[in-house]
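Protein chains in written order, with the numbering used here: chain A, 205 to 227; chain B, 17 to 369.
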C-alpha cells in the first residue's frame, strides 16, 4: 500500500468538505 | 484522612521492557467499599492558584482528592448518588472546578455537573442531560458533545459551559442515522469532530456549522471500534483505534490498538500500524486511554500494557498487583503519570518514563 492508493489529497480538506456538504 | 492512604513504595514496580518503566509514586485507597469505576485528573483553581486534583468514582460515590505534598493525596469532598450508579467521569479540558459524570446502568441515562462550594446551601450537582445517551466526550473550549435517542430521533448535541457550570450555548450536529459509539477531537482542529459508529463508519462533523461532512467506511474485520485520538497531517487524517472484539491472528498476534490513515476527500483509507502484544502475552483490549503518542490498555488478562505509538511497540507490561486484576487505566492530563485502578477502589499512581 502507498499514499497513492488514497487518491488525490487536499491540504484544505476540511474547508472544501464544509463548502460541499449540505448545510 | 491519612488512614485512607497507604505508604508509598519508592521503587520501580516493573522492569523495563523495550525502554519504558513505571514507578509507583502514590496510592489512594477507597474506604467506601463499593466498586471502583473510573479516575481522572483535572486542574482546580483556588485563590488564583491552579493545581491538579484527582477525581475517583465508585458506583455511588465520586470523590475529589487534593495534593498535600507531591506523594500524598487527601480526600476533600464527596458527592453521593442514591438511585443511578456512576458509569464514568467525563473530563472536559479547559474547565476548572467542575466535574462531569455519566450515570446509568448499562447505558448512560444522565450526565451531571458536580460543583464544590464551601456553602452547603448551594446545590452541589446539576442535571445536564438525561435520556438514552449513547456516547459522550468533553471537548476543548469548554464544550461537551453527546449523542442520544434512537436512530429515528437521534440527537447529537454540543454544549458550551459558562464559568458557573451553566449552559452558555447549545449546538446540534447533523445525526448520521447510525448509532454513534465514540467521539474524538481532531488534534489542532477545533472545529472538526470525529465519531465511530456501529456500522463501522468514521463520521466527520464541522462543529461550527453542525454539518456532517463525511462518512468513511473502515475495515469490516473489527467491530465495536473505539476512536482514541485523531490528527490531520499533510491533508490526511490519522486515527488511533482500539478493537475490543479483535481476534488474535497468527501473523500479527493480538492487535490492541491500530493506526489508520484516511483521505477525507476520497474516503479511501488503510491501516498503517497494528499495536500488538509482545509474543507470549495473551488478552484483548478491555479499556484504555491514549495521550500524545502513548497508549495504555487494560487487557482481558488483567494486565496493563503501554505502547509508544511512534516506536510501534509495547514498552511496559504491568501485571495484576496483589493478585487483583487492573480494571481501568488513565493518563494524567496534567503530567506524565499513569493512574491504574482496581475494582476494590485502590488507585495506584505511577510515573511513566
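We put the beta carbon where it would ideally sit given N, CA and C, even for glycine.
Using a Cβ-Cβ cutoff of less than 7 Å, which residues in the same chain neighbour residue 26 (chain B) once the five nearest sequence positions on both sides are dropped?
Counting from 1 along the second chain, the entry for residue 26 (chain B) is found at position 10. Below a pLDDT of 50, predicted positions are generally treated as unreliable, and residue 26 (chain B), at 39, falls in that range; the measurement from the model is reported next regardless. Closer than 7 Å at the Cβ level, and outside the excluded window around residue 26 (chain B), lies no residue.
In chain order, which beta strand (DSSP E) runs of at least 3 residues are fully inside the region 307-367 of chain B?
310-315, 320-324, 329-334, 344-347, 353-357
Since residue 228 (chain B) contacts residue 189 (chain B) with CB under 8 Å, what's their CB separation in whole angstroms?
Numbered from its first residue, the second chain carries residue 228 (chain B) at position 212. Numbered from its first residue, the second chain carries residue 189 (chain B) at position 173. The pair is a contact, with the Cβ atoms about 7 Å apart (cut-off 8 Å).
Three or more C-beta pairs under 8 Å: does that hold for the region 104-119 of chain B against the region 167-176 of chain B?
no
Taking the continuous alpha helix (DSSP H) assigned at residue 218 (chain A), which residues delimit it?
Numbered from 1 along the first chain, position 14 holds the residue referred to as residue 218 (chain A). Residue 218 (chain A) -> alpha helix (DSSP H) spans 217-224.
Segment limits, beta strand (DSSP E) that includes residue 36 (chain B):
Residue numbering aside, residue 36 (chain B) sits at position 20 when the second chain is read from its first letter. Segment 36-44, the beta strand (DSSP E) holding residue 36 (chain B).
Under 9 Å between the Cβ atoms of residue 300 (chain B) and residue 41 (chain B)?
Mapped onto the second chain, residue 300 (chain B) falls at position 284. Mapped onto the second chain, residue 41 (chain B) falls at position 25. Not in contact: residue 300 (chain B) and residue 41 (chain B) (Cβ atoms no closer than 9 Å).
State the Cα-Cα distance for the pair residue 347 (chain B) and residue 67 (chain B), rounded to the nearest angstrom.
Along the second chain, read from residue 1 onward, the residue named residue 347 (chain B) stands at position 331. Along the second chain, read from residue 1 onward, the residue named residue 67 (chain B) stands at position 51. When rounded, the distance between both Cα atoms is 17 Å.
May I ask which residues mark the beginning and end of the beta strand (DSSP E) holding residue 292 (chain B)?
By one-based count along the second chain, residue 292 (chain B) stands at place 276. Here the beta strand (DSSP E) through residue 292 (chain B) covers 285-292.
Using a Cβ-Cβ distance cut-off of 9 Å, determine whether residue 227 (chain B) contacts chain A.
For this step, residue 227 (chain B) is matched to residue 211 along the second chain. At least one chain A Cβ lies under 9 Å of residue 227 (chain B).
Buried or exposed for residue 217 (chain B), please, with buried defined as at least 16 other CB atoms from any protein chain shown within 10 angstroms of its CB.
Sequence index remark: in the second chain, residue 217 (chain B) carries index 201 (1-based). With 16 or more other Cβ atoms within 10 Å, it is buried.
Chain-ordered residues of the region 239-262 of chain B with a beta carbon less than 9 Å from chain A:
248, 250, 251, 252, 253
Take every Cβ of the region 91-109 of chain B, pair it with every Cβ of the region 61-75 of chain B, and state whether three or more of those distances are shorter than 8 Å.
yes
Can a CB atom of chain A be found closer than 9 Å to the CB of residue 370 (chain B)?
Any property of residue 370 (chain B) remains undetermined from this structure, which presents chain B solely from 17 to 369.
Residues of chain A with CB closer than 7 Å to the CB of residue 230 (chain B), please, in chain order.
Within the second chain, the letter at position 214 stands for residue 230 (chain B). The answer, in chain order, is 221.
For a minimum of 3 consecutive residues, which ranges assigned as the beta strand (DSSP E) are wholly contained in the region 131-189 of chain B?
141-155, 159-164, 171-177, 183-189
Residues of chain A with a CB under 7 Å from the CB of residue 205 (chain B): which are they?
Locating residue 205 (chain B) in the second chain gives position 189, where the first residue counts as 1. The answer, in chain order, is 218.
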